[in-house]
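Structure record follows, encoded as structure tokens.
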Amino acid sequence: MSSSNAVGNRGSTLQKPGLDYRDLHGFLQSLQAEQLNRLFGHPATSLAVFRELPPLAQNYIMRLLFLEQPIAQAAVSTWVQNDSRREHTDAVRVLCDLRLWQDNIIPGGLPGYILNPVFREKLGTALLGGGQAWSDDTRDLGPDRHARDVASLDTYAMERWEVVLHFMVGSPGSEVSTDVAELLEGAGLMSREGDLPPSITSAGFQFLLLDTSSQLWLFMLQYLRSAETRGMDLVEILSFLFQLSFSTLGKDYSVEGMSDTLLAFLQHLRELGLVFQRKRKSRRYYPTRLVINLASGVAHGNSTAGHHGFIVVETNHRVYAYTDSELQLALVALFCEMLYRFPNMAVAQITRESVQQAVSSGISAQQVCLLSLHHVFLFILLSLSL
Amino acid sequence: MAVEEDSSMLVVILDVNPVWWGRRRLRGEPSLSHCLDSALVFANCYLASSRRRHLAFLACGQRESRFLYPARTVSGQEQHAVQESRDGRLELLSAFDDTVVREAVAMLTRVQVTSDMATGSLTAGALAKALCYINRMCKQDKAHGGELKARILLLAACEEAQYMNLMNVAFTAEKQDVCVDVCVLGSESSLLQQVSGRFKRLVFSCLSADVSL
Numbered sequence: 004m005s006s007s008n009a010v011g012n013r014g015s016t017l018q019k020p021g022l023d024y025r026d027l028h029g030f031l032q033s034l035q036a037e038q039l040n041r042l043f044g045h046p047a048t049s050l051a052v053f054r055e056l057p058p059l060a061q062n063y064i065m066r067l068l069f070l071e072q073p074i075a076q077a078a079v080s081t082w083v084q085n086d087s088r089r090e091h092t093d094a095v096r097v098l099c100d101l102r103l104w105q106d107n108i109i110p111g112g113l114p115g116y117i118l119n120p121v122f123r124e125k126l127g128t129a130l131l132g133g134g135q136a137w138s139d140d141t142r143d144l145g146p147d148r149h150a151r152d153v154a155s156l157d158t159y160a161m162e163r164w165e166v167v168l169h170f171m172v173g174s175p176g177s178e179v180s181t182d183v184a185e186l187l188e189g190a191g192l193m194s195r196e197g198d199l200p201p202s203i204t205s206a207g208f209q210f211l212l213l214d215t216s217s218q219l220w221l222f223m224l225q226y227l228r229s230a231e232t233r234g235m236d237l238v239e240i241l242s243f244l245f246q247l248s249f250s251t252l253g254k255d256y257s258v259e260g261m262s263d264t265l266l267a268f269l270q271h272l273r274e275l276g277l278v279f280q281r282k283r284k285s286r287r288y289y290p291t292r293l294v295i296n297l298a299s300g301v302a303h304g305n306s307t308a309g310h311h312g313f314i315v316v317e318t319n320h321r322v323y324a325y326t327d328s329e330l331q332l333a334l335v336a337l338f339c340e341m342l343y344r345f346p347n348m349a350v351a352q353i354t355r356e357s358v359q360q361a362v363s364s365g366i367s368a369q370q371v372c373l374l375s376l377h378h379v380f381l382f383i384l385l386s387l388s389l
Numbered sequence: 174m175a176v177e178e179d180s181s182m183l184v185v186i187l188d189v190n191p192v193w194w195g196r197r198r199l200r201g202e203p204s205l206s207h208c209l210d211s212a213l214v215f216a217n218c219y220l221a222s223s224r225r226r227h228l229a230f231l232a233c234g235q236r237e238s239r240f241l242y243p244a245r246t247v248s249g250q251e252q253h254a255v256q257e258s259r260d261g262r263l264e265l266l267s268a269f270d271d272t273v274v275r276e277a278v279a280m281l282t283r284v285q286v287t288s289d290m291a292t293g294s295l296t297a298g299a300l301a302k303a304l305c306y307i308n309r310m311c312k313q314d315k316a317h318g319g320e321l322k323a324r325i326l327l328l329a330a331c332e333e334a335q336y337m338n339l340m341n342v343a344f345t346a347e348k349q350d351v352c353v354d355v356c357v358l359g360s361e362s363s364l365l366q367q368v369s370g371r372f373k374r375l376v377f378s379c380l381s382a383d384v385s386l
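Chains A and B, in that order, are what the protein sequence lines are.
For the first sequence, this note's numbering begins at 4 and goes up steadily by one.
For the second sequence, this note's numbering begins at 174 and goes up steadily by one.
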């Protein structure tokens with residue numbers, strides 16, 4: 004197994020054209036100016052955008068937060084020393100691209116910058132108070148008799164998300180709604196040929212290799228891109244998504260005052276495991292860990308340090324998978340022929356036919372190597388490093 | 174996503190010596206509530222900048238120094254309050270602000286003013302408590318595989334009389350690699366200058382509105 008090659012190429016495979024892994028900034032920059040202004044009209048979005056800025060840019064925003072007049076560009080450039088010019092230009096570029104800083108002429112004719120007034124006001128509200136509450140109190144609804152604790156929310160979230168992954172892998176018995184299936188096809192992760200049920204593509208296989216928060220973010224990006232075609236207001240659902248990402252785990256929130264678009268969005272989130280709602284008509288919902296980590300990109304409890312691999316590959320092409328998770332076994336079954344199944348282990352064989360079958364459905368040999376390396380049993384990894 | 178940064182922690186120590194603040198009020202200068210407001214604004218901005226930032230707030234008086242945030246309940250447990258936000262503020266910040274103000278009021282109403290009160294504050298004690306808290310948090314974070322960088326911000330009011338204690342604390346802070354920034358609200362103090370090493374200017378300009386450095 005060419006393990007060293009696989010490791011060396013790991014970074015580059017993610018930039019394949021199949022997966023458009025743009026981050027929050029890239030997505031926001033692709034929006035129109037008018038949409039951006041409406042987006043900044045909600046304190047949650049302004050705060051989320053502020054958080055994602057590089058530290059120097061955050062510093063600049065803070066300096067201008069309480070300033071209502073424009074400030075000269077020359078003055079701004081004196082804020083850094085000469086050997087940090089590059090960071091300064093990067094920060095200014097990020098701020099201008101997101102239309103947070105607008106060019107303005109100050110009295111006297113010099114070019115200046117002014118902070119986007121909508122952004123300034125809403126960030127001020129998010130930090131210091133005033134304005135309207137983001138969502139209504141659930142105190143009026145009384146204490147929840149069916150309250151869920153954090154651990155059960157986590158298990159629920161992972162269960163629901165794994166249903167989507169199972170559907171991608173083609174496990175029998177996993178069903179998702181047509182909306183989600185369409186999204187997967189639209190993102191290029193699955194493809195449908197004629198009347199056959201959709202099957203996973205090469206990009207989809209790559210998608211399965213990512214960690215959960217990246218998968219979710221990619222999926223949500225596709226959802227947001229197709230929002231307009233489904234008649235949903237992009238700004239509204241994006242603001243709601245950011246609002247959710249600032250909520251506290253284990254706390255319930257009320258659905259009062261949410262528009263129809265948002266209620267439909269909430270049902271989709273419920274299906275994906277990002278939000279827990281006991282019944283469709285429940286008036287309260289609990290955000291799960293998945294959505295809280297979504298916009299921040301911080302993967303709590305998902306670090307590779309705690310990642311236990313489960314595959315051992317022998318030189319006689321035997322694969323031992325120490326797991327009883329259906330999803331992981333289905334991943335292995337994509338390119339191996341399953342031989343035996345035990346309570347905590349499964350034995351499979353990489354045969355010519357199984358690899359040909361994988362290749363014909365778009366999975367490259369390199370991806371197979373990557374998958375094995377990614378999930379290699381921890382013990383083996385430790386002994387390799389000695 | 175945003176650049177991966179280490180967790181960082183800030184401990185803000187506010188000197189709430191009632192005698193000193195009372196005298197200032199009588200002179201018509203900005204009072205403790207102004208200073209507390211400014212400090213809360215600074216703390217909010219700090220907390221909101223990144224998900225991986227933590228903050229603790231200490232107040233030191235003449236007889237005691239205590240944690241305003243995270244507050245301690247009657248049973249001695251730490252309480253990170255979460256409550257509904259009544260306005261457009263982030264929930265976390267709302268809870269933080271309310272807790273700090275509530276605890277500060279509780280602390281100050283308990284002070285009994287007598288005519289022979291010492292006028293110095295227990296700054297060294299508060300710094301020591303802050304260092305202990307930082308040490309505990311660092312150990313907890315290490316257990317999860319993270320690295321915590323910590324700083325202390327001291328908003329000092331009146332003249333500090335406990336030279337030896339303060340020097341001990343300053344050396345400990347240096348050993349623990351904790352940077353101490355000092356913002357002196359009254360007249361300049363050479364002692365505190367030694368403690369902080371170099372005078373560091375505050376990054377957020379919103380704090381210097383009412384306070385004369």
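Every residue gets a Cβ at the ideal spot worked out from N, C-alpha and C, and that includes glycine.
D86 (chain A) carries a helical assignment under DSSP once its states are collapsed to helix, strand and coil. Within the stretch 349-373 of chain A, complete beta strand (DSSP E) segments of at least 3 residues are found at 349-352, given in chain order.
For the pair R224 (chain B) and L265 (chain B), the Cα-to-Cα distance works out to about 11 angstroms.
Per DSSP, the unbroken alpha helix (DSSP H) holding F53 (chain A) starts and ends at P46 to E55. Per the Cβ contact rule, the stretch 144-158 of chain A is not in contact with the stretch 117-134 of chain A (fewer than 3 Cβ pairs under 8 angstroms). Excluding the 5 residues flanking it on each side, S375 (chain A) has same chain C-beta neighbours closer than 6 angstroms at I314 and V316, in chain order.
Taken in chain order, the members of the stretch 119-132 of chain A whose beta-carbon sits within less than 7 angstroms of a beta-carbon on chain B are T128, A129, L130, L131 and G132. When CB distances to chain B are screened at a threshold of 9 angstroms, the residues of the stretch 234-255 of chain A falling below it are F249, S250, T251, G253 and K254, in chain order.
In this structure the stretch 168-177 of chain A lies against the stretch 316-336 of chain A, because at least three pairs of beta carbons, one per stretch, are closer than 8 angstroms.
Its chain contains no residue whose beta carbon lies nearer than 7 angstroms to that of R233 (chain A) once the 5 sequence neighbours on both sides are disregarded. Under the 8 angstroms criterion on CB atoms, E264 (chain B) is classed as interfacial with respect to chain A. For N347 (chain A), the CB contacts under 7 angstroms within the same chain, skipping 5 residues up- and downstream, are Y325 and D327 in chain order.
Contact of Q61 (chain A) with chain B is assigned, a C-beta pair being separated by under 8 angstroms. The beta carbon of C352 (chain B) sits no closer than 8 angstroms to any beta carbon of chain A. Within its own chain, the residues whose Cβ lies closer than 7 angstroms to the Cβ of K302 (chain B), once the five positions on either side in sequence are excluded, are L231 and S238, listed in chain order.
In the structure shown, H169 (chain A) adopts helical secondary structure according to DSSP, grouped into three states.
Per DSSP, H227 (chain B) lies in no alpha helix (DSSP H) segment; the continuous beta strand (DSSP E) that holds it begins and ends at R226 to C233. Going by DSSP, W104 (chain A) is part of the beta strand (DSSP E) stretching over W104 to I108. The continuous alpha helix (DSSP H) containing F210 (chain A) extends over residues S205 to L212. Per DSSP, G112 (chain A) has no beta-bridge partner at all. According to the DSSP assignment, C352 (chain B) belongs to no alpha helix (DSSP H) but to the beta strand (DSSP E) extending over C352 to V357. In terms of beta-carbon proximity, L50 (chain A) lines the interface with chain B, with at least one pair separated by less than 8 angstroms.
Out of B:R198, B:Q285, B:R262 and B:C311, the CA that lies nearest to the CA of K125 (chain A) is found in B:R262. DSSP places P58 (chain A) inside the alpha helix (DSSP H), whose first and last residues are P58 to L67.
Contact between R41 (chain A) and V238 (chain A) holds: their C-beta atoms lie close to 5 angstroms from each other, under 8 angstroms.
F245 (chain A) is positioned such that its CB atom lies no closer than 8 angstroms to that of A77 (chain A). At least one CB of chain B lies nearer than 8 angstroms to the CB of M65 (chain A).
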